[in-house]
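A.B. asks: Numbering (our numbering), first residue to last: -19 to 142.
Here's a structure for you.
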Amino acid sequence: MKIGETWGSLPQVRRPISREAAYLQEVKRVFVVGISATAAKAAVAFLGVRARKGKGTVGEKKTRRYAFFQNRECEMFPCHEGISAEEFNCLFCYCPLYCLGPGCGGSWTYTDRGVKSCADCTFPHRRENYDAVLRRFPELQRMAAQNCGAENDTRAKKEERT
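Here is the structure:
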């Protein structure tokens, strides 16, 4: 549902969806992908900022402040080596591309236990890669839709058995 859409079939019960409700729906949709709630909220918030006309500009120059965030008070800051502290971007603290496995585009390895390790990856933490991460969101949406479909199929089969 988009902002301004209505629900209900009778005119007297049709209500517009609030901006906050639309935001929460989007957070829930993104969260299904398997990234942290904080990362999902940040992604949705920053995608929303990009969509608003006139925001993020000073005169004719785009500031793109939405594309960079640091949490210098974090106990782990900076959590990866290979990037200067001034350039380290915390916006994608928990990489939204992790669930793409080998196709994520970063420099990852698998541990002896078969767990994907991104300890040496700096891809989502580089300021210039913000747009590259966002370009991958359609893949994440497809993956989430497939996972939701599989989850719903599993629930339906369980209900049929009982």
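All C-beta atoms in this analysis are idealised placements derived from N, C-alpha and C, irrespective of residue type, glycine included.
Here the structure is a predicted model, which means the values were calculated and not measured.
Where does F117 fall in DSSP's three states?
C.D. replies: The answer is helix: DSSP assigns F117 an H, G or I state.
A.B. asks: Going by Cα to Cα distance, which pick from A112, S97, E53 is closest to G81?
C.D. replies: Closest option to G81, Cα to Cα, is S97.
A.B. asks: Return yes when the Cβ of T91 is within less than 8 Å of the Cβ of D100, no when it is not.
C.D. replies: Contact: no.
A.B. asks: Can you have a look at N51 and say buried or exposed, based on whether 16 or more other CB atoms are within 10 angstroms of its CB?
C.D. replies: The residue in question, N51, is exposed, as its Cβ has fewer than 16 Cβ neighbours within 10 Å.
A.B. asks: Would you tell me roughly how many angstroms separate the C-alpha atoms of M56 and P118, rounded to the nearest one?
C.D. replies: Spanning the two alpha carbons is a distance of roughly 30 Å.
A.B. asks: From E67 to R93, what does the alpha carbon distance come to, in whole angstroms?
C.D. replies: Taking the straight line from one Cα to the other gives about 32 Å.
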